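Note that my numbering has the sequence shown beginning at 53, numbered continuously upward.
Where is the CB? At the ideal position from N, CA and C, for every residue including glycine.
Since the model is a prediction, treat every value here as computed from it, not as a measurement.
So the structure is just underneath, and the comments pick up after that.
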Amino acid sequence: MRIALLSDTHGDLLCDVLPYLQDVNEIWHAGDIGSLSVIDQLSKIKPCRFVYGNIDDAKIRRTVPDFQVFEIDGLKILMTHIGGRPGKVPAGVNDRIKREKPDLFICGHSHLALVQFDARSQLLWMNPGSCGIKGFHKIRTLFRFSILDRKCTKFEVIELPRYPSQSVSQESAL
């Protein structure tokens, strides 16, 4: 299964992201979605999995969960928005990791892309950074990867310019 992983759109789904979402089986969004229109737009492209983030309003929080736990091809995945990084994990998240025992932990929030295997917890961490324009990051990022036989393979980090020319909402208004 081929996955596109993104986070921290903050209400801006930008046109230059869309080509990277076409040849995947699912799109996963690790929170700070920013608007229901982003959920609607992504859901029209491919099947999606979302978690809400700290900036998401009550409408989004009623629509998507704060945690998702699921399995793809034998790989157990735990996804939430605020997850920290190996060695610096919020207590509630650490408890959830211990309880769920995932193989892959996905979070967002930091706007900094990270892929790291934590030998202590035997857990692969992924944070795709931010593909939105709001925040301190200098480049926008998202990940693509495949899951096959309980492994993440064919991993790509997509880097995009900080300020593209159009958002999806601007394009549809033309």
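Handout entry: Residues near Leu73 in its chain [Cβ-Cβ closer than 6 Å; skip 5 each side]
Key = If we look at Leu73 and ignore the five residues flanking it on each side, its Cβ neighbours are Ala56, Ile79, Ile97.
Exercise for the section: Going by DSSP, name the residue or residues bridged to Lys190. Expected result: According to DSSP, which records beta bridges pairwise, Lys190 is partnered with nothing at all.
Problem - Paired residues, beta bridge with Asp170 - DSSP - result: Answer is Leu175, bridged to Asp170.
Handout entry: Cα-Cα separation, Val116 to Thr193
Key = Val116 and Thr193 have their C-alpha atoms roughly 22 Å apart.
Problem - Outcome for Gln222 when other beta-carbon atoms lying within 10 angstroms are tallied against a minimum of 16 - result: Because the pLDDT at Gln222 is just 42, under 50, the model does not fix this residue reliably, and the value given afterwards should be weighed accordingly. By the 10 Å Cβ count, Gln222 comes out exposed.
Practice task
Identify, in the order they occur along the chain, each residue of the same chain with its Cβ nearer than 6 Å to the Cβ of Cys100, setting aside the five sequence neighbours on each side.
Solution key: Cβ within range, chain order: Ile79, Leu94.
Exercise for the section: Please state whether DSSP places Ser198 in a helix, a strand or coil. Expected result: In this structure, Ser198 counts as strand in the three-state DSSP scheme.
Practice task
Tell me whether Leu58 sits in a helix, a strand or coil according to DSSP, three-state version.
Solution key: DSSP, read as helix, strand or coil, puts Leu58 in strand.
Practice task
Using only alpha-carbon positions, find the residue among Pro213, Ser162, Ser198, Pro138 that is nearest to Arg229.
Solution key: Absent from the model: residue 229. The displayed extent of the chain is 53 to 226, so no value can be given.
Exercise for the section: Starting from the C-beta of Ser162, find all residues in its chain whose C-beta is less than 8 Å away, skip the five residues before and the five after it, and write them out in chain order. Expected result: Residues Arg137, Asn179, Gly181 of the same chain have their beta carbon placed closer than 8 Å to that of Ser162, with the five preceding and five following residues left out of the count.
Handout entry: First through last residue of the alpha helix (DSSP H) which encompasses Lys206
Key = DSSP places Lys206 outside any alpha helix (DSSP H); the residue lies instead in the beta strand (DSSP E), whose first and last residues are 203 to 212.
Exercise for the section: Can you have a look at Pro213 and say buried or exposed, based on whether 16 or more other CB atoms are within 10 angstroms of its CB? Expected result: Exposed, by the Cβ-count rule.
Handout entry: Ile23 - partner residues in DSSP beta bridges
Key = Because the chain spans 53 through 226 in this model, residue 23 falls outside it and cannot be assessed.
Exercise for the section: Indicate the three-state DSSP secondary structure (helix, strand or coil) for Pro71 in the structure shown. Expected result: Helix, per DSSP.
Problem - Nearest-angstrom Cα separation, counted from Leu130 out to His62 - result: Distance between the alpha carbons of His62 and Leu130 is about 22 Å.
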